[in-house]
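The C-terminal position of the sequence shown is numbered 473 in this note's numbering, with every residue numbered one higher than the one before it. We treat Cβ as the ideally placed atom computed from N, Cα and C, and that holds for glycine. Treat the numbers as computed from the prediction; the structure is a model and nothing was measured. The next block holds one structure in the form of C-alpha cells; read it before the comments.
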Amino acid sequence: MKFHSKTLPNGLQIIAEINPDAQSAAIGFLVKTGARDEQIADSGVSHFLEHMAFKGDSQYSAEDVNRIFDEVGASYNASTSEELTFYYAAILPEYLDRTFDLLARLMRPSLREEDFDMEKQVILEEIGMYEDLPGFAVYDQSMSSHFSGHPLGQSILGSSESITNLTVEQMRNYHEQRYGAANLILAATGNLDWTQFTSLVDQYCRDWQSGTPGRTVVEAKPETQVQWIPKPGMNQEHVMQMSPAPPADSNMRFAAEIISTIVGDESSGRLYWDLVETGLAETAELSYNDYDGSGAWAIYLCCEPDQTRSNLDRILQTITDINEHGPTPDELEQARNKVASRIVLSSERPMGRLVSLGGNWLYRGVYRSVTDDLKDIQELTLEDVRELLNRYPIGQVTTVGLGPVES
C-alpha cells in the first residue's frame, strides 16, 4: 500500500492509501463541522444539511442521486456527529468516475426551499422518534449535562423548536461557511489510480470557495452533577455516567481503548461479568469517546429499577479497583489482542481503512498505517495504563438517569 497527499490552492486536502490488491475502493468527504459548530439559533442544522445534500443539485434530483448510486452498486451513506459530517461510498474500481461526480455534487447541493420545507417534517419526525428511545435520550441528556457551557454539549439533532424555526437562508449561510474547501478532507482507499483520482478532484473541486475553516477548541472542565428524569411508564432504568478522558490527539488514546475493553467490553469486560452475566443488568458497558480537544469515559447501565442503586454501587467498586490497581498482565494481553484484531479485521476492507485514514488526518494531521497502530498497541505497558488512569481516572462526574427511579 502507498500513501499520497495533496492540497489544492483553495485548501481542500486530498489523501489516499492505494492498495492495488484490493477488489474495491472507498471514497469520502469529511466535513469538519457538526453540532459543536452551530449557534443556538441554528441548532441541528448540520444534521439537517446532511439530509439536504442528497436532494440533488441543478442537474440531479433526489431520485437521480439514489438511482445513480444504485446503478453503480455503491454502498453509500452519510453521518453527522458532534464535530464531523461524513459522506462516503464503497464501490468497484471501474465506477470511480461516476461515483466521484455524484459525491462532489453532494458537497454543493441546490438547497431548494421546497426540498427544505419537505425535509423539515422528516427531521421533526426523526427527533420525535429518538426522544422515544431511552438509550438515545439518556445519552443526549448526558452530553448536554456533562458538557454544559461547552460546544460539545449541543444536540446533534437540535430540538423541535430550533428545527421548526430554522430557515433555508440560515442553512445556506451555514453551508457557505462550513462546507468550504478548506474545511474538507477528501479521503480514498483501496484499488484506485492516484493520477486518475487527482484529475477528477481538479475537474470537480478546484473552483470551490475556501469557506471559513477551523473551530475554537477548549478542553471541557465538567463539574459534578446528578440528574434523574422520572418516566413512570418505563419498565427499565437507563443510566449514563461520564467523566473526562483523553482527547482525540492524545498519545494516551490507545491505552484508553485498552481500558475501555478491559472494563466495558459488551461481551467480556469486567462490568459484563459483574452485572450482565450474573443477571443483575441487561447492559453494563464502558466506552471511550474522543473528541477534538476533549474526551469522555461513558458508562451505560440498563437494568430493573429496583436494582439501580446496588448496580451503581457495583460499578463504583469496579472502577475504583481499576483506578487504584490497574489491570492485571493477563487482562492487558487479552485486551491488546482484541483491539489489535479489531484493527486488522476492519483494515481488510477499504471502507474500514477509510474511516481510520480520515480520522487520523482530521485529528492528528498524520498518516498511520495498520502496522503503525499495531506497533503502538503491542508496545503498551502496564505503566502506560497507570499513567492514563492517574491523569484520567474513570469516574462518575456526571450521572443522568431516565426511567421509573425518581431520585
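Below 8 Å on the Cβ atoms is my guess for residue i versus residue j; work out the distance and round it to an integer in Å.
i: Glu-332; j: Leu-218; result: With a Cβ gap of about 24 Å, Glu-332 and Leu-218 do not count as contacting.
i: Thr-264; j: Lys-72; result: 6 Å
i: Pro-200; j: His-304; result: 5 Å
i: Gly-424; j: Ala-253; result: 4 Å
i: Asn-257; j: Pro-159; result: 5 Å
Once DSSP output is grouped into helix, strand and coil, what is the label at residue i?
i: Ser-407; result: helix
i: Thr-151; result: strand
i: Ile-229; result: helix
i: Ala-286; result: coil
i: Phe-213; result: coil
i: Gly-469; result: strand
i: Gln-105; result: coil
i: Thr-146; result: strand
i: Ser-412; result: helix
i: Glu-445; result: coil
i: Ile-84; result: strand
i: Ser-435; result: coil
i: Asp-141; result: For the sequence presented, residue 141 should be read as Ser rather than Asp. Strand.
i: Tyr-245; result: coil
i: Ala-170; result: helix
i: Leu-158; result: coil
i: Thr-386; result: helix
i: Asn-317; result: coil
i: Trp-260; result: helix
i: Trp-427; result: helix
i: Asp-331; result: coil
In the DSSP assignment, what are the bridge partners of residue i?
i: Trp-363; result: Ser-309, Tyr-354
i: Ser-127; result: Gly-122
i: Gln-293; result: Val-466
i: Glu-303; result: Cys-369
i: Phe-95; result: Tyr-153, Leu-252
i: Gln-79; result: Thr-73, Ile-251
i: Thr-349; result: Cys-368
i: Lys-68; result: Ile-84
Less than 7 Å between the beta carbons of residue i and residue j, yes or no?
i: Leu-223; j: Ile-193; result: yes
i: Phe-320; j: Ile-443; result: yes
i: Gly-335; j: Val-329; result: yes
i: Leu-468; j: Lys-287; result: no
i: Leu-96; j: Phe-152; result: yes
i: Ala-91; j: Pro-416; result: yes
i: Cys-368; j: Thr-349; result: yes
i: Gly-361; j: Pro-313; result: yes
i: Val-471; j: Met-306; result: no
i: Val-138; j: Arg-164; result: yes
i: Val-451; j: Gly-392; result: yes
i: Gly-461; j: Ser-276; result: no
i: Asp-198; j: Ser-221; result: no
i: Leu-115; j: Met-237; result: yes
i: Ser-208; j: Val-466; result: yes
Please report the distance separating the alpha-carbon of residue i from that of residue j.
i: Gln-302; j: Ile-385; result: 23 Å
i: Ser-422; j: Leu-440; result: 13 Å
i: Gly-499; j: Trp-339; result: Beyond the ends of the chain as shown, which are 67 and 473, falls residue 499; an answer cannot be given.
i: Asp-259; j: Ala-88; result: 12 Å
i: Ala-401; j: Ala-247; result: 40 Å
i: Asp-123; j: Ser-109; result: 24 Å
i: Glu-129; j: Phe-120; result: 9 Å
i: Asn-456; j: Thr-282; result: 27 Å
i: Ile-325; j: Arg-174; result: 42 Å
i: Phe-213; j: Gly-94; result: 29 Å
i: Asp-167; j: His-70; result: 21 Å
i: Glu-399; j: Ser-413; result: 21 Å
i: Glu-289; j: Pro-459; result: 15 Å
i: Val-357; j: Glu-323; result: A small correction: the amino acid at residue 357 is Tyr; Val does not occupy that position in the sequence shown. Each residue's Cα considered, the two are about 14 Å apart.
i: Asn-403; j: Ala-107; result: 46 Å
i: Ala-156; j: Ala-82; result: 14 Å
Using 6 Å as the cut-off, classify the Cβ of residue i as near or not near the heavy atoms of the ligand FAD, replying yes or no.
i: Leu-440; result: Because no ligand of any kind appears in the structure shown, any question about the ligand FAD cannot be addressed here.
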